[in-house]
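Okay, so here's the structure we're looking at.
There are 2 protein chains.
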Amino acid sequence: MVRPSKKTQIPNLQEAIKETAWKQIAETGAAALSLRAIARELKITAPAIYNYFPDRDALVTALIIDAYTSSGDYQFASRDAQAGGDLVERLRAIGFSYRQWALDYPQRYQLIFGTPIPGYQAPMMEVLPSAARSLSALVSVIEELRIVNRLNADGFPAVQPGYEQMFDVWRGFAGDYDIFSLSIAMIIWSRVHGLVSLEVAGNMPPFGVDGSALYRYEIESIIGQFIK
Amino acid sequence: MVRPSKKTQIPNLQEAIKETAWKQIAETGAAALSLRAIARELKITAPAIYNYFPDRDALVTALIIDAYTSSGDYQFASRDAQAGGDLVERLRAIGFSYRQWALDYPQRYQLIFGTPIPGYQAPMMEVLPSAARSLSALVSVIEELRIVNRLNADGFPAVQPGYEQMFDVWRGFAGDYDIFSLSIAMIIWSRVHGLVSLEVAGNMPPFGVDGSALYRYEIESIIGQFIK
DNA sequence: AGACAATAATAAACACTGTATATTTACACC
DNA sequence: GGTGTAAATATACAGTGTTTATTATTGTCT
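Sequence order for the protein chains is U and G.
Per this note's numbering: the first sequence ends with 338, consecutive numbering throughout.
Per this note's numbering: the second sequence ends with 338, consecutive numbering throughout.
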């Protein structure tokens, strides 16, 4: 048999490949991702995958986009669960959901922020839409705080000249927010990311500083510094 | 020829293997590290490496230890260049040297904090000595600040009970510092690491926030929050 | 309905990788 | 000077991503 009849074929094979990839990433880690292993599990030959993804890197890119989307969904859900409430409370909720997602899906987190795939470099222009969206729940709340004049960031460095068009690209994906709100969101992101990345990767030496307590402290530090 | 005579042999082959590994990592990235490629460049066969490293992971561990040592050297050098000066100035110098090292050796930074080697997990107990030392330039200054009562961290979460012995292990490697100083150092580390890791990995979206300006802002934020 | 072209799979092969095993040789020591 | 050890090679195995050629199925056009 050279080609299976439509009855025995897997419907929506493109999606099935990604699902199997996620399953194997969850089981054995992102670094062990293997096209041949995926093909084995789907009872398919490896080159068949090339009908749906031009190469391994393209599959990884698709997975990263899904991961960003999943992270963004977490943050939007937590923001909207606090809809109508205090803006700072919404900010808190988003902050905690960032860590929660990383703890729930450490492999997805590593796929985005580690570099587990040999030789892989994410193509910025393909990934940007989902990456920008994943940050935009945070940006949206910061923007609201800015509008009601509760943002405090004296001496915050100005954006480099000549990048306005890049910002326009971002705007198209993530919403029409002020560039200052975006900058503040990025520094907040870098803070929570610092703590979460060390925790998830196991680089935090085991002195027993409680991860969630430390994280709560850092969230309150952020609020104390940037919100008035 | 099955074994080269001593004259044609490479002296200190263990060190030569690591050097070649670093050379290739600098050229083609940590993810492309290959025992066979190293062997080719040294004009030996791949299994010969197994006389010096039990497997590839052991070589990677040795490289990571070297990288931690290199990072620590940067920070100690910058601290000692400010010896006799203001403690806060020393803190600043250490902060900047952390980023500078990452920019000078992005591949080494990725080797430690990314996960570029498929299936590799750093053995904590082997890496801890050099990792602890690399943080201890910072810890030493924080400790001095604590002693002269210039440390400000109200509400900082307490260390979890039952980890005293882990801390003792750390003490043995990095110096006899107070556990509170160590905790403060860790949160400072997580902040600079958050910014640097996003910058080095290229995950900072290209809005043109000047990396070094943003970093300076963050360093001053840290000093403003924790030093009085 | 029949011819045809596009499509989606397989089969086989290539150049890699890390690693295990067996073999051979150079060297140091008694 | 023989012997044992250590350090290299040779060979082989199982795995990887990817390319090429082949083949059978499918949908479309006449």
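A virtual CB, placed ideally from N, CA and C, is assigned to each residue, including glycine.
Residues of chain G with a Cβ closer than 7 Å to the Cβ of S300(U) are, in chain order, G304, L305 and L308. For the pair of segments examined, the segment 215 to 225 of chain G was found to touch the segment 123 to 143 of chain G: the number of CB pairs separated by less than 8 Å reaches three. Using a Cβ-Cβ cut-off of 9 Å, L324(G) is close to F266, P267, S293, M296, I297 and S300 of chain U, given in chain order. According to DSSP, residue pairing for I337(U) in a beta bridge involves L261(U). Only those residues of the segment 174 to 194 of chain G whose C-beta falls short of 8 Å from the nearest C-beta of chain U would be listed, and there are none.
Listed in chain order, the non-local C-beta contacts of A191(G) below 8 Å within the same chain comprise A203, local neighbours out to five positions each way being set aside. P216(G) has a beta carbon lying at 8 Å or more from every beta carbon in chain U. Straight through space, the alpha carbons of A311(U) and F223(G) are spaced by roughly 8 Å.
Nearest in C-alpha terms to S144(U), of all of I329(G), L201(G), S144(G) and G229(G), is G229(G). The beta carbons of D286(U) and R256(U) sit no closer together than 8 Å.
In chain order, A126 place their CB closer than 6 Å to the CB of I120(G), counting only its own chain and leaving out the 5 sequence neighbours on each side. Per DSSP, the unbroken alpha helix (DSSP H) holding Y208(U) starts and ends at L197 to D214. For G304(U), the enclosing alpha helix (DSSP H) covers residues I289 to V310. Non-local C-beta neighbours of P239(G) in its own chain, meaning closer than 7 Å and more than five positions away in sequence, comprise F283, ordered along the chain. One alpha carbon belongs to M234(U), the other to S244(U), and they sit about 14 Å apart. Interface flag for T225(U) against chain G is set, since a Cβ pair is found closer than 8 Å. Annotation: R189(G) to W132(G) spans about 26 Å, alpha carbon to alpha carbon. Taking one beta carbon from each stretch, the segment 176 to 190 of chain U and the segment 298 to 314 of chain U have fewer than 3 pairs nearer than 8 Å; the two do not touch.
What A311(U) touches in chain G, judged by beta-carbon distance under 8 Å, is F223 and T225, going in chain order.
Spatial neighbours of S291(G) in its own chain (CB-CB distance under 7 Å, excluding positions within 5 residues in sequence) are listed in chain order as V249, I252, E253 and R256.
In the three-state DSSP reduction, N161(U) falls in the helix class (H, G or I).
By the 16-neighbour rule on beta-carbons within 10 angstroms, R301(G) is buried. For the options G195(G), L324(G), D196(G) and L169(G), the alpha carbon positioned closest to that of E236(G) is the one of L169(G). For I148(G), the three-state secondary structure derived from DSSP is helix.
Contact annotation for Q335(U) against chain G: S331, G334 and Q335 [CB-CB distance below 9 Å, chain order]. Around V269(G), the same chain offers I289 and S293 as residues with beta carbons nearer than 7 Å, after the five sequence neighbours per side are excluded. The beta carbon of I227(G) is closer than 6 Å to those of V170 in its chain, skipping five residues each way along the sequence.
Beta-carbon to beta-carbon, Y327(G) and P164(U) are separated by about 42 Å, too far to satisfy the 8 Å threshold. Taking 9 Å as the upper bound on Cβ-Cβ separation, chain G lies near residues T138, G139, A140, A141, A142 and L143 of the segment 131 to 156 of chain U. Less than 8 Å divides the Cβ of Q124(U) from the Cβ of Y162(U).
Going by DSSP, L173(G) is part of the alpha helix (DSSP H) stretching over R166 to A191. In this model, R150(U) and A136(U) are separated by some 17 Å (Cα to Cα). Shown here, Q231(G) sits in coil according to DSSP, grouped into three states, outside any helix or strand. Using beta-carbon distances, Y327(U) counts as an interface residue toward chain G, with a partner under 8 Å.
In this structure, N262(G) and F336(G) form a Cβ contact; the two beta carbons are roughly 6 Å apart against a cut-off of 8 Å.
Out of A247(G), D320(G), P271(G) and G304(G), the CA that lies nearest to the CA of A193(G) is found in A247(G).
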